[in-house]
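>
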Amino acid sequence: MLVSIELWARPGIVSLPGGFPAVIWGLAASPTAAPQVPGPVIEATVGDMVEITLHNMLNEPVSLTFPGQEIAPEPVLDAGGRLVSLTRFAAPGRSVVYSFPAYRPGTFRYESGTSPERQVQMGLYGALIVRPAGWDDPASSNYYTAYGADTGSGYDVEAVILLSEFDRAAHEVIATGAVYNPLNYAPQYWLVNGRPFPDCVAPPDRSAQPLTSRVPVLAGQRVLLRLINAGFLAHTLAFQEGPARVVAEDGRPRRSPLLDATYDKNAITLGAGQSADLVFTPPEGEHYLYDRDLLHLVNTDDYPGGMMALVDVRPVFPVTPPQAPSNLTATAALPGQVELTWINNAADEDGFVLERRTGAGPFLRVTTLMVGATAYTDTHVEANTTYTYRVLAFNLAGTSAYSNEAVVTTLP
Amino acid sequence: MPTQATANGSPAIHLRAVDGYIITPDGASIYIWGYRDETGRAAQLPGPTIIVNQGDTVTIKLTNELPEIVSLMFPGQNGVFRLTNSGAVPVGPIYENGRLVSLTDYAPPRGTVIYQFVASRPGTYIYHSGTEINKQVPMGLYGAIIVRPAGFDPLDPATWSAYGPETGTEFDREYLLVVAEIDPVLHEAVRLGKPYRPGTYRPRYWTINGRCAPDTMLPDRATYLPRQPYGSMIMAEPGERVLIRYIGAGCDAHPLHPHGNHTRVVALDGRLLRNGTQDLSHKHFTVLVGPGQTYDQIFQWDGPVYDPVTTPIPTPIPNLRNQAIGDAGWTMWSGSPYLGQKGDIPIGVTSLNVTGEYYFMLHSHSEPQITNWGEFPGGMMTMIGIFPAGTLGPEVGRLQRDSRANSTRERR
Amino acid sequence: MTFVQVHYGATDSFITMPDGSVHYIFGFVDLTGVPENEIFARRGKATLPAPLLDVRAGDRVELTLTNLGMPQRPDLDDSHTIHWHGFPNQISLWDGVPETSIAVPVGRDFIYYYEPKDPGTYMYHCHFEPVEHIQMGMVGPLIARPADYNPANPLFKTAYGAGTGTEFDREYFLLISELDPVAHDQVHRVQAFDWSEYRPAYWLINGRAYPDTLHTAPDGDLSQQPSHSLIQANAGEKVLLRFINLGFEEHAVTILGLPLRIIGRDAQLLRGLHGEDLSHWRDVLYFGAGQTVDVIIEPQQPGLYPLFNRGYHKNTNAGATPGGMMTHVVVYPAGTLPPQPGPAFKRGAGQGSPNQLPGGRMHANTSYSQRIAGHPPARC
């Protein structure tokens, strides 16, 4: 079967914790959709032919590489024989097509191959999942396995956990077209599926960071985590309730008919670009996965934040979204901050997403709050500025409507 | 109450989270937060080593004498409960006002919390704070847990193994090396109650068992290092099987390289590298010790035994004036290439060699880590001493739960 | 069994980066076979990396180290040593750790002796004030071949011995490291450097940054960096890549389009206690300082495959891109390249032959260590 995917590389805006906008170069699944970080998850089944058309709506050449796939890199060299691009690229305004057979199952990534020290940092990366033939056929021994029968990779629930970093200063330099010095690379944000904690546990949405890192699991279910490190640095993901069994690395199962080389890890280090598939059956409760380089558990300098994901194991899932919060009030009683309060009308919410806009700008997420929150102090505000706030409640069944909007002008 | 528990198989441990100071060889005194047991008067680094038996129901009471909430996490232990007046409840993340305040149940300042779990599997584990972990763990709130396999009898060497009989983990002596790094700016900021920017993290000291070289080579419980009770000098005789347990307690990876011979890594994160009869252990000359991870290894020095009469060293040894020995005024060289013999040392050089033993360095190969704030020698370095057969007493290389050395004092 | 004698000198020199910057280094220079009256003239001619030491299990190896001193730093009276990193069951005399045995003062010689038993990829370096001397360049690759190694017989042209599944057609070593120009400059100017401030600006393969890694011609500005890392092979061949990390950082190395079969680590065939075959495939090799990894690639299609650091910010020369820890794997149609001469490496200099391109002339060099049958000569 032909899996034909079109991706548009375009500039977009993400919301960093505190409600700060930052320019990204993301990939969109349609010319009108928001470009997203990471890009859309590309899914295929062994035997498929994958054909990806990349439309370049940026001001510089862009390409995509597919590490681990059977596709010749076809790098582009300059007259001196130096690499200009790791693979064929699309000039601005043009398109390029890549195709390869999905010849083996696995957890992979795709990313820009042109000036990757800039473009991958800007957001041009995503997950590529190839499933074994028969994975969705209950009659197949490959049913709900990551790597086929007898590889120890059977699962009930799967989740992609894609790690990356975000250097806001680099984005500012690169977005303006200024010369970027990779020696200055120093990320301030540490992302899972494009969002840092706590925003990563909010539900999926239609923003430029559409993916959640909350993994809903029913008690007793076996979970497959597809870990991908798309960052430039190594990351160690620690399990609050481990260990988990490593069944594959870089899309290659650790178990064959001759040898079972799967192994348990309570924390696993992935070098830049590596992937691993882990399975475990967590008990009921909330279990965080967190970067064991504990300095990555911040957003700039604010703890808690950064590279965390949540495995959320429950006996049952809610079936209806929570009631919307109401009576949102915003008060600027002190310089440099806004006091927000609201009434929680839900009994079954998992948390709240607080958004604001500056003047008539777009609403951006300020933060995500956990169950029971009815107040927040926004300390990341400019003086003499008018902000409009709104809040919604969410649970695993979905999101509520927004509350009323509350307008406030900050003190000098 | 658990602290009153006395039955064998139900060890009750009382840890206090307190502050204190450690000493570095360059004369610095560094403020730490750490755990202490009933015998200590201030925080120790690392916290008391907890040694229990497989199957024990382990009860740990934490009393918090620090100014903010503190907790204990037990990565790799499953089914951890908090004991309350109304029974045992599973531990889990704690939210207040919609904010994640602790990854696990905590003790408020001047308060206590009691944890309980069954040590169901033998192995090497870490414990550390689960609260403000980007600060509290680097400040020193970490320690080791060793779970003895069923059948382990400290009085019967025939039962000594890390993971039980027939697991390839039998040993004659054992050592525990908990490695971490220190950014003194963080410690000073905490001491003064000033803010610290995690993005500026830059370690200046690298520790094994809380000590920087050359203090690492001092004995356990050296009186001049009252808050750093555990040495890391490894001593063995030729042919002996030495179990070396590494724990990565810091935030960075540390490539630990023993001279003398490879080590065979037999377990990771407290899990034996075996699947049924299939053995996944492997020999390394450098083990990259990742944060939050543990590595159990068997080291064995079985080198050639030269004898000045029957099998002399096959190369000429230059006379003393053609050698550099003890540039810093000391050496661990015996003056003789023959094990068990001593030879000439230049006048004015102190030989720390005892009986003609061989010393082999064990150190981080990320060499800036073997400095104390940039000055070599220092940091994450110790020695392996290979002593002539029959010269080491049975007390060398013992991790015992009831002696003062390398142990925690438990109420019984 | 062969008696191998090699002679290295410890001294200094300068290396060049692709941006034209020149950096002071310490290092080793090959003195094997150099007449006594010419040895002093090799001062200031250290190479990065140091000469390849290529020996065989069962050999008896005598390595003489002469401390030639540093012409650029006449004030510096540092001793030097050779540490064969990873040598199993070493005794302290030949372990090269000054604190636990002896070091070699300026102007003096010392003989290290080894009887390698375990084949694999090792490294050697000076262990005197190692943070300084390793960063300054006193680092070299070290290969121990299996006792049954025979490059003329494909079954015995292996990394770990016949029957271990480690046959190869071609081989390359890739010694990777970093360069902090501030540290090198401070050492050159007799200034202290705070090693906890280590922050590299160049990332190197065999002492060179991209695109110099591709430069197969000897001499020129790269006279003290003799080892290119342009990897060339015919389609269908097995190519052994011996990775050695003598930097201070962990690195994530990848070849776009070519999976890596990890066959050995730290000079040990990847086998479990009972012989379980633990070799495996990866797309990205992640390894730390002081580790070696043996990788076999099996390119099937002609083409150019970029090898680079997946930590993309390291593929730079002091900020300029492309640069740093990159090279090319060039695969030709089957039969294009003549066989790699065996043994593969030119003693004391670069690897491969600079003229392996189609139609190129092969170097006739087949000597990889000065091998002398019989017993060591008497010494006074």
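Residue numbers (this note's numbering), protein chains in the order written: chain S, 1 to 412; chain V, 413 to 824; chain H, 825 to 1204.
For every residue, glycine included, the Cβ atom is placed at its ideal position computed from N, Cα and C.
Quick caveat, the model's predicted, so the values are computed rather than measured.
1. With DSSP as the reference, label Phe100 of chain S as helix, strand or coil.
2. Just tell me which of H:Thr945, H:Asp843, H:Pro842 has its CA closest to the CA of Glu995 of chain H.
3. Would you tell me roughly how many angstroms separate the C-alpha atoms of Arg1171 of chain H and Val930 of chain H, rounded to the nearest one?
4. So, under 8 Å CB-CB, Gly1153 of chain H and Gly273 of chain S are touching, yes? Tell me the CB distance rounded to an integer number of Å.
5. Interface residues of chain H around Arg82 of chain S at Cβ under 8 Å?
6. Below 8 Å between beta carbons is the criterion; list the residues of the stretch 498–512 of chain V that meet it against any residue of chain S, in chain order.
7. Considering only their Cβ atoms, is the gap separating His777 of chain V from Thr698 of chain V smaller than 8 Å?
8. Using 10 angstroms around the beta-carbon of Leu218 of chain S, count the other beta-carbons present and answer buried if the total reaches 16, otherwise exposed.
9. Check distances from the C-beta atoms of the stretch 743–759 of chain V to those of chain S and list, in chain order, the residues that come in under 8 Å.
10. In chain S, what lies closer than 7 Å to Gln829 of chain H by C-beta?
11. Compare the C-beta of Asn1276 of chain H with all C-beta atoms of chain S and state if any pair is closer than 8 Å.
12. Can you tell which of S:Asp199, S:Gly177, S:Ala102 has its C-alpha closest to the C-alpha of Gly18 of chain S?
13. Once the 5 residues before and after Ser4 of chain S are set aside, which same chain residues still bring their CB inside 7 Å of it?
14. Quick check on DSSP: helix, strand or coil for Leu1054 of chain H?
15. Quick one: which residues of the stretch 1076–1107 of chain H get their C-beta closer than 8 Å to a C-beta of chain C? List them in chain order.
16. Determine the DSSP secondary structure at Lys265 of chain S, reduced to helix, strand or coil.
17. Which residues in the same chain as Glu939 of chain H place their Cβ atom closer than 7 Å to its Cβ, once the five residues preceding and following it in sequence are excluded?
18. Measure the Cβ-Cβ separation of Ala397 of chain S and Val319 of chain S and say whether it is below 8 Å.
19. Would you kindly work out how many angstroms separate the C-alpha atoms of Thr300 of chain S and Val366 of chain S, rounded to a whole number?
20. Any idea what DSSP makes of Leu1161 of chain H, helix, strand or coil?
21. Determine the direct distance from the alpha carbon of Gly439 of chain V to that of Ala1016 of chain H, and round the result to whole angstroms.
22. Which two residues bound the contiguous beta strand (DSSP E) that contains Arg603 of chain V?
23. What is the DSSP secondary structure of Pro116 of chain S, counted as helix, strand or coil?
24. Chain S beta carbons: is any one of them nearer than 8 Å to that of Thr418 of chain V?
25. Quick one, which residues of the stretch 232–264 of chain S are near chain V if we go by CB-CB under 8 Å, in chain order?
26. Measure the CB-CB distance between Arg585 of chain V and Val766 of chain V and report whether it falls below 8 Å.
27. Is Ile620 of chain V close to chain H, meaning its C-beta is less than 8 Å from at least one C-beta of that chain?
28. Residues bridged to Gly285 of chain S by DSSP?
29. Go to Glu995 of chain H, then tell me how far its beta strand (DSSP E) extends in each direction, as first and last residue.
30. What residues from chain V crowd round Asp1118 of chain H, counting only those whose CB sits closer than 9 Å?
31. Could you name the residues of the stretch 268–297 of chain S whose beta carbon sits closer than 7 Å to any beta carbon of chain V, in the order they occur along the chain?
32. Quick one: Cα of Ala531 of chain V to Cα of Pro561 of chain V, how far?
33. Would Tyr1034 of chain H pass as a contact of Pro1146 of chain H if the rule is Cβ separation under 8 Å?
34. Express the C-alpha separation of Ala556 of chain V and Met841 of chain H in angstroms, rounding to a whole number.
35. Mind checking which residues open and close the beta strand (DSSP E) that includes Ala330 of chain S?
36. Determine the chain S residues that contact Leu692 of chain V at a beta-carbon separation under 7 Å, and present them in chain order.
In short, the structure shows the following:
1. As a first step, residue 100 of chain S must be located in the first sequence, where it is residue number 100. In the displayed model, Phe100 of chain S falls within a strand according to three-state DSSP.
2. Numbered from 1 along the third sequence, position 171 holds the residue referred to as residue 995 of chain H. Ranking H:Thr945, H:Asp843, H:Pro842 by Cα distance to Glu995 of chain H puts H:Thr945 first.
3. Counted from its first residue, the third sequence places residue 1171 of chain H at position 347. Counted from its first residue, the third sequence places residue 930 of chain H at position 106. Low per-residue confidence applies at Arg1171 of chain H: pLDDT is 44, beneath 50, and the placement is therefore not dependable, though the value from the model is reported in the following sentence. When rounded, the distance between both Cα atoms is 25 Å.
4. On the third sequence, position 329 is the one that residue 1153 of chain H refers to. On the first sequence, position 273 is the one that residue 273 of chain S refers to. Note that residue 1153 of chain H is Val in the sequence shown here, rather than Gly. The beta-carbon separation of Val1153 of chain H and Gly273 of chain S, rounded to 17 Å, does not stay under the 8 Å limit for a contact.
5. Position 82 of the first sequence, counted from the first residue, corresponds to residue 82 of chain S. Below the 8 Å Cβ cutoff, chain H contributes Tyr1034, Pro1035, Pro1146 as neighbours of Arg82 of chain S, in chain order.
6. Considering only beta carbons, the part of the stretch 498–512 of chain V lying closer than 8 Å to chain S consists of Pro502, Gly504, Pro505, Tyr507, Asn509, Gly510, Arg511, Leu512, in chain order.
7. In the second sequence, residue 698 of chain V corresponds to position 286, counting from 1. In the second sequence, residue 777 of chain V corresponds to position 365, counting from 1. Closer than 8 Å, so yes.
8. The sequence position of residue 218 of chain S within the first sequence is 218, counting from 1. By the 10 Å Cβ count, Leu218 of chain S comes out exposed.
9. Under the 8 Å Cβ criterion, the stretch 743–759 of chain V contributes no residue.
10. Along the third sequence, read from residue 1 onward, the residue named residue 829 of chain H stands at position 5. Near Gln829 of chain H there are no residues of chain S at all, since even the closest Cβ is about 40 Å away, more than 7 Å.
11. What is shown of chain H runs 825 to 1204, which leaves residue 1276 of chain H out entirely.
12. Position 18 of the first sequence, counting from 1, holds the residue named residue 18 of chain S. Of S:Asp199, S:Gly177, S:Ala102, the residue nearest in Cα terms is S:Asp199.
13. As a first step, residue 4 of chain S must be located in the first sequence, where it is residue number 4. Leaving aside the five residues that flank Ser4 of chain S on each side, the residues in its chain whose CB is nearer than 7 Å to its CB run, in chain order, Glu51.
14. In the third sequence, counting from the first residue as 1, residue 1054 of chain H sits at position 230. Coil.
15. Absent here is chain C; the protein component of the structure consists of chains S, V and H.
16. Position 265 of the first sequence, counted from the start, is the residue given in the question as residue 265 of chain S. When DSSP states are grouped into helix, strand and coil, Lys265 of chain S belongs to the strand group.
17. The residue labelled residue 939 of chain H in the question sits at position 115 within the third sequence. The beta carbon of Glu939 of chain H sits closer than 7 Å to those of Arg884, all from its chain and outside the five residues before and after it, given in chain order.
18. Taking the first sequence and counting its residues from 1, the one referred to as residue 397 of chain S is at position 397. Taking the first sequence and counting its residues from 1, the one referred to as residue 319 of chain S is at position 319. For the pair Ala397 of chain S and Val319 of chain S, the CB atoms are nearer than the 8 Å cut-off.
19. As a position in the first sequence, residue 300 of chain S is number 300, starting the count at 1. As a position in the first sequence, residue 366 of chain S is number 366, starting the count at 1. Pairing Thr300 of chain S with Val366 of chain S, the inter-Cα distance amounts to about 14 Å.
20. The residue labelled residue 1161 of chain H in the question sits at position 337 within the third sequence. Secondary structure of Leu1161 of chain H (DSSP, three-state): coil.
21. Locating residue 1016 of chain H in the third sequence gives position 192, where the first residue counts as 1. Locating residue 439 of chain V in the second sequence gives position 27, where the first residue counts as 1. Cα to Cα, Ala1016 of chain H sits roughly 19 Å from Gly439 of chain V.
22. Counted from its first residue, the second sequence places residue 603 of chain V at position 191. Membership of Arg603 of chain V in any beta strand (DSSP E) is not indicated; the residue belongs instead to the alpha helix (DSSP H) covering 596–604.
23. For the purposes of this step, residue 116 of chain S is identified with residue 116 of the first sequence, where counting begins at 1. Of the three classes helix, strand and coil, the one that applies to Pro116 of chain S here is helix, per DSSP.
24. Locating residue 418 of chain V in the second sequence gives position 6, where the first residue counts as 1. Only weak support is given to the placement of Thr418 of chain V: the predicted model assigns it a pLDDT of 39, under 50, and the value that follows is read from those uncertain coordinates. So, not an interface residue.
25. The stretch 232–264 of chain S vs chain V, Cβ under 8 Å: Ala234, Thr236, Ala238, Phe239, Gln240, Glu241, Gly242, Pro243, Leu259, Asp260, Ala261, Thr262, Tyr263, Asp264.
26. What you label residue 585 of chain V is simply residue 173 of the second sequence in a count that begins at 1. What you label residue 766 of chain V is simply residue 354 of the second sequence in a count that begins at 1. No, they are not a contact pair.
27. In the second sequence, counting from the first residue as 1, residue 620 of chain V sits at position 208. It does not: the Cβ of Ile620 of chain V has no partner Cβ on chain H nearer than 8 Å.
28. Position 285 of the first sequence, counted from the first residue, corresponds to residue 285 of chain S. Beta-bridge annotation (DSSP): Gly285 of chain S is paired with S:Val313.
29. Position 171 of the third sequence, counting from 1, holds the residue named residue 995 of chain H. 994–1003 is the span of the beta strand (DSSP E), which, as asked, contains Glu995 of chain H.
30. By 1-based counting over the third sequence, the position of residue 1118 of chain H is 294. Correct list: empty, because the minimum Cβ distance to chain V is about 13 Å.
31. Residues passing the 7 Å Cβ filter: Thr269, Gly285, Glu286, Tyr288, Arg292, Asp293, Leu294, Leu295, Leu297.
32. What you label residue 531 of chain V is simply residue 119 of the second sequence in a count that begins at 1. What you label residue 561 of chain V is simply residue 149 of the second sequence in a count that begins at 1. About 10 Å.
33. On the third sequence, position 210 is the one that residue 1034 of chain H refers to. On the third sequence, position 322 is the one that residue 1146 of chain H refers to. Pro1146 of chain H is positioned such that its CB atom lies closer than 8 Å to that of Tyr1034 of chain H.
34. One-based indexing of the third sequence puts residue 841 of chain H at position 17. One-based indexing of the second sequence puts residue 556 of chain V at position 144. Roughly 46 Å between the two C-alpha positions.
35. The count along the first sequence starts at 1 and reaches residue 330 of chain S at position 330. Segment 326–331, the beta strand (DSSP E) holding Ala330 of chain S.
36. As a working note, residue 692 of chain V is residue 280 in the second sequence. Going along chain S in sequence order, the residues near Leu692 of chain V (Cβ under 7 Å) are Ala261, Tyr263.
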